[in-house]
Amino acid sequence: MIEKNTIEHEKAVLIGVINREQNEEKVTEFLDELEFLTYTAGGEVVKRFVQRVDVPNPKTLIGSGKMEEVESFVKENKVGSVIFDDELTPAQQRNIEKQLRCKIVDRTSLILDIFAQRAQTSYARTQVELAQYEYLLPRLTGLWTHLERQRGGIGMRGPGETEIETDRRIVRDRITLLKKKLEKIDKQMETQRGNRGALVRVALVGYTNVGKSTLMNVISKSEVFAENKLFATLDTTVRKVVIGNLPFLLSDTVGFIRKLPTQLVESFKSTLDEVREADLLLHVVDISHPQFEEHIESVNQILDEIDSADKNTIMVFNKIDQYKHAEIDEDDLVTERTERHFTIEEWKRTWMQRVGDKALFISALNKENLDEFRKRVYNEVRDIHVTRFPYNNFLYPENLDEY
């Protein structure tokens with residue numbers, strides 16, 4: 001199988017495409033995210049190429065002129081990888097590889113590579129391996145030709161299989177095996193969740209790198225791995241947390257990202273069972289990111305896919321300490337005021353006002369507004385708990401300040 005790669009600052013070039021669906025501004029934003037993904041995988045971006053393509057070239061995605069430009073840059077600067085922001089077809093990948101004579105990676109395979117590096121438990125590794133095989137199956141061009149002998153015996157005699165057919169069969173067999181292994185682990189995890197009793201379950205959800213693990217560490221006083229890189233958390237972590245004297249279970253889940261590969265959404269749906277079975281969701285948002293509204297939309301879309309969009313949710317706007325709004329000079333009469341110029345107080349008066357007291361503004365790193373956060377979570381968890389156990393509501397006062 002594809003092994004974990006640890007790239008030592010390999011030189012990389014990024015390629016983006018402007019089309020009817022994504023304008024120049026959107027492509028720049030996607031390439032910024034792709035650059036962060038490349039950095040997370042251990043690469044160093046030396047140049048970006050962008051081309052307007054209304055109809056993608058079926059052979060190489062981008063035009064032949066742009067391909068020649070990329071080719072000369074790759075040769076001159078000894079670039080190791082060319083990374084496309086859009087998913088390439090198997091044929092396109094082969095054609096580009098033949099012309100550029102270097103490693104060709106698309107967004108999907110880059111995310112899969114990061115996941116392979118980050119997977120720690122047997123469960124996460126199995127999920128990633130399954131996604132890698134499903135991605136690899138249509139791209140097989142005789143990569144492995146002598147891993148196993150050709151099938152023989154009754155009913156298998158005849159002209160025999162070609163090498164590529166043998167390879168495909170090996171991969172399909174492996175996919176079937178991994179799916180069975182995941183089913184077995186799923187049953188074990190379902191039993192584990194059942195053994196947790198009737199404690200209220202709270203799940204942290206959100207885009208990748210918004211500070212979910214940092215918030216988890218602050219609330220649960222535990223040491224969950226947190227780093228300023230994408231997909232620092234792959235394995236769901238569950239901790240028992242007590243606020244006041246009210247206990248509940250808090251789980252930290254894998255972060256979401258735009259253009260998330262279909263294979264990964266499918267493979268990690270079982271990991272997201274923690275979200276599906278949660279009583280309360282804490283949707284963490286990095287308010288300091290210029291495109292945080294689109295991040296919210298991406299997360300909501302995936303929550304909808306796993307039938308969790310209607311769950312009781314608190315919006316937690318994190319990283320308020322890093323939020324900076326654009327400023328307009330007093331004598332500037334030309335620049336139009338947009339959302340980029342909003343202060344946090346002005347944001348609170350927008351659509352966020354409709355969220356009401358279900359919107360919290362904190363800094364998990366600097367521990368700003370955490371008392372307000374704890375009170376809000378306590379009240380929500382208490383309401384769920386009292387509904388579940390109506391006879392012991394006297395154990396938990398309505399106001400957290402009474403402790």
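So the sequence shown is residues 1 to 403, counted in full-length UniProt numbering. Yeah, the Cβ is synthetic: ideal placement off N, Cα and C, and Gly gets one too.
Would DSSP call Val254 helix, strand or coil?
-> Correct three-state label for Val254: coil.
Is the Cβ-Cβ distance between Leu14 and Glu33 less than 8 Å?
-> No. Outside cutoff.
Run through the segment 301-353 for me and flag every whole beta strand (DSSP E) of 3 or more residues, listed as ranges in chain order.
-> Qualifying beta strand (DSSP E) stretches, in chain order: 313-318.
Is the distance from the Cβ of Asp321 to the Cβ of Asn366 below 8 Å?
-> Going by C-beta atoms, Asp321 is nearer than 8 Å to Asn366.
Supposed close pair Phe317, Ala359 - CB separation, criterion 8 Å = For Phe317 against Ala359, the beta-carbon gap comes to about 7 Å, under 8 Å, which counts as contact.
Beta-carbon proximity of Tyr135 to Ser109, cut-off 8 Å = Their beta carbons are under 8 Å apart, which means Tyr135 touches Ser109 by this criterion.
Extent of the continuous alpha helix (DSSP H) run through Phe115 | 107-118 is the span of the alpha helix (DSSP H), which, as asked, contains Phe115.
Counting Cβ pairs, one atom from each stretch, are 3 or more of them under 8 Å apart for the segment 111-125 and the segment 80-100?
-> Segments in contact, no.
With DSSP run on the structure shown, which of helix, strand or coil describes His283?
-> His283 falls in the strand class under three-state DSSP.
Using DSSP bridges, identify the partner residues of Arg48.
-> BP columns for Arg48 point to Leu14.
Best match in Thr28, Glu10, Pro58 for proximity to Tyr39 [C-alpha to C-alpha] = Ranking the options by Cα distance to Tyr39, first place goes to Glu10.
Reducing DSSP to helix, strand and coil, say where Thr100 ends up.
-> It is worth fixing the name first, because residue 100 is Leu in this sequence and not Thr. Shown here, Leu100 sits in a helix according to DSSP, grouped into three states.
Assigned secondary structure, Lys184 (DSSP; H/G/I helix, E/B strand, else coil) | When DSSP states are grouped into helix, strand and coil, Lys184 belongs to the helix group.
Within its chain, find whatever has a CB closer than 7 Å to the CB of Val74; leave out the 5 residues flanking it on each side and keep chain order.
-> Closer than 7 Å at Cβ, skipping near neighbours: Val13, Val82, Leu100, Cys102.
Gln291 beta carbon less than 8 Å from that of Glu29 = For the 8 Å CB-CB criterion, Glu29 and Gln291 form a contact.
When the Cβ atoms of the segment 197-205 are set against those of the segment 240-256, are three or more pairs found closer than 8 Å?
-> The segment 197-205 makes contact with the segment 240-256; the number of CB pairs closer than 8 Å reaches 3 or more.
Identify the residues that DSSP records as bridge partners of residue 414: which are they?
-> Because the chain in this structure spans residues 1 to 403, residue 414 falls outside the shown range and cannot be described.
With which residues is Gly43 paired in a DSSP beta bridge?
-> Under DSSP, the beta-bridge partners assigned to Gly43 are Glu10.
Identify whether Phe36 lies in helix, strand or coil by the three-state DSSP scheme.
-> Annotated three-state conformation of Phe36 is helix, per DSSP.
How about Glu69 and Phe49: are their beta carbons less than 8 Å apart?
-> Yes, the pair counts as a contact, with Cβ atoms nearer than the cut-off.
What first and last residue would you give for the alpha helix (DSSP H) that runs through Val381?
-> Val381 -> alpha helix (DSSP H) spans 370-388.
First through last residue of the beta strand (DSSP E) which encompasses Thr126 = Here Thr126 belongs to no beta strand (DSSP E); instead the alpha helix (DSSP H) covers 122-136.
Three CB pairs or more closer than 8 Å across the segment 374-391 and the segment 299-319 | Judged by Cβ distances under 8 Å, the segment 374-391 makes contact with the segment 299-319, as three or more pairs qualify.
State the CB to CB distance for the pair Leu140 and Arg168, rounded to an integer number of angstroms; the pair is presumed to be in contact (CB under 8 Å).
-> About 6 Å separates the beta carbons of Leu140 and Arg168, which is inside the 8 Å limit, making them a contact pair.
Assigned exposure category for residue 404 - 16 Cβ within 10 Å defines buried | Residue numbering for the chain in the displayed model covers 1 to 403; residue 404 lies beyond these limits and cannot be assessed.
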